Amino acid sequence: MDKIALITGASRGIGAATALRAARQGWAVAVNYQGNQAAADAVVQQIRAAGGTALAVQADVADEAQVLAMFTTIDAQLGRITALVNNAGVVDTTQRVDEMSVARLRRMFDVNVIGSFVCAREAVRRMSTKHGGTGGSIVNVSSAASRLGSAHQYVDYAAAKGAIDTFTIGLAREVAAEGIRVNAVRPGLIETDIHASGGLPDRVRDLSHQVPMQRGGTADEVAEAIVWLMSDASPYTTMSLLDVSGGR
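For the sequence shown, the residue numbers in my numbering are 109 to 356.
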């Protein structure tokens, strides 16, 4: 099976760490980005400098037309993907539910849920033996928030990730006989800039005392779990929700 992976939201944080780690393990990587082309190009250049194959490809995963165009570009330049990492996601500033606008809720679910569905749909159309594919692996990036709820912070984000957990279970059962494994990782407090975008730049430091391991995690620690689930090293693992959360 060819090792061709699409990693959404791969210009920074967990996505970038996953792209770099996957490339080191021989994957050709499509580095998706929504707006920061310079950051995506930097990831691609790191991969190429180390002798790997990578392509930066723009798409807002909440826009179906852009997702379709992204897959067409990857098909032409790298080939049919055999792994998808649904990592692209957004968070918003901390708010109670009784303060949230419908516009905020729509964006949260459009990106974090519908975007993952559409990317997975296109991946299945390429990977499934039912469609002439040779199989593959889908890894959804969920969050420990899906089981903690994120009260007083962003219940909408937690709910979206809860939907991703259920999506993972259902899709895994749906395509298991077609050569596709579907799993999710649920990162806990990880040192990335997503916390700043949610208005809490010091969140990991402030909450690390709640983690049994007494520290936040790194993007590369999450990436290691993702790449393991992508790879042939986990051939009998599907429908799993893997917590990478230091015990929290």
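Positions of the beta carbon are idealized from the N, C-alpha and C atoms, including for glycine.
For clarity, every value in this text was computed on a predicted model and none was experimentally measured.
Checklist line | For L192, the first and last residue of its enclosing beta strand (DSSP E) | finding: A191 to N194
Note to self: In the DSSP assignment, the alpha helix (DSSP H) including L163 goes from what residue to what residue?
What the structure shows: Element bounds for L163: not the alpha helix (DSSP H) but the beta strand (DSSP E), A162 to Q166.
Next item on the list: For D351, write down the residues that DSSP places opposite it in a beta bridge.
Entry: R294
Note to self: Within the continuous alpha helix (DSSP H) that includes V263, where are the two ends?
What the structure shows: V263 to V283
Check: In terms of residue numbering, what span does the beta strand (DSSP E) encompassing I115 cover?
Finding: I112 to I115
Margin query: Is it buried or exposed, L350, if we count other Cβ atoms within 10 angstroms and call 16 or more buried?
Written below: buried
Item checked: Ordered list of beta strand (DSSP E) runs contained in the region 118-156, each at least 3 residues -> Those beta strand (DSSP E) runs which fall completely within the region 118-156 and span 3+ residues are 136-141.
Notebook entry, point to check: By Cβ distance below 6 angstroms, which residues in the same chain neighbour V160 in space, the five residues on each side in sequence not counted?
Noted result: Reading the sequence as shown, one finds Gly at residue 160 and not Val. These residues qualify, in order along the chain: A131.
Item checked: Close-in-space but distant-in-sequence residues of the same chain around D110 (CB under 7 angstroms, 5 per side omitted) -> G187 and T190
Notebook entry, point to check: Are the region 312-322 and the region 286-302 touching by the rule of at least three beta carbon pairs closer than 8 angstroms?
Noted result: yes
Notebook entry, point to check: If you draw a straight line from the C-alpha of D183 to the C-alpha of L114, how long is it?
Noted result: 11 angstroms
Check: Taking the C-alpha atoms as reference points, what is the distance between S353 and W336?
Finding: Between the C-alpha atoms of S353 and W336 there is a straight-line separation of about 16 angstroms.
Check: If you drop the 5 nearest sequence neighbours on each side, which residues of the same chain put their C-beta closer than 7 angstroms to that of G121?
Finding: T300, D301, I302 and A327
Margin query: Assuming the contact rule is C-beta atoms closer than 8 angstroms, A124 and V151 should be a hit. Round their C-beta distance to whole Å, please.
Written below: 5 angstroms
Check: Buried or exposed: which applies to V205, given that a residue is buried once 16 or more other Cβ atoms fall within 10 Å of its Cβ?
Finding: exposed
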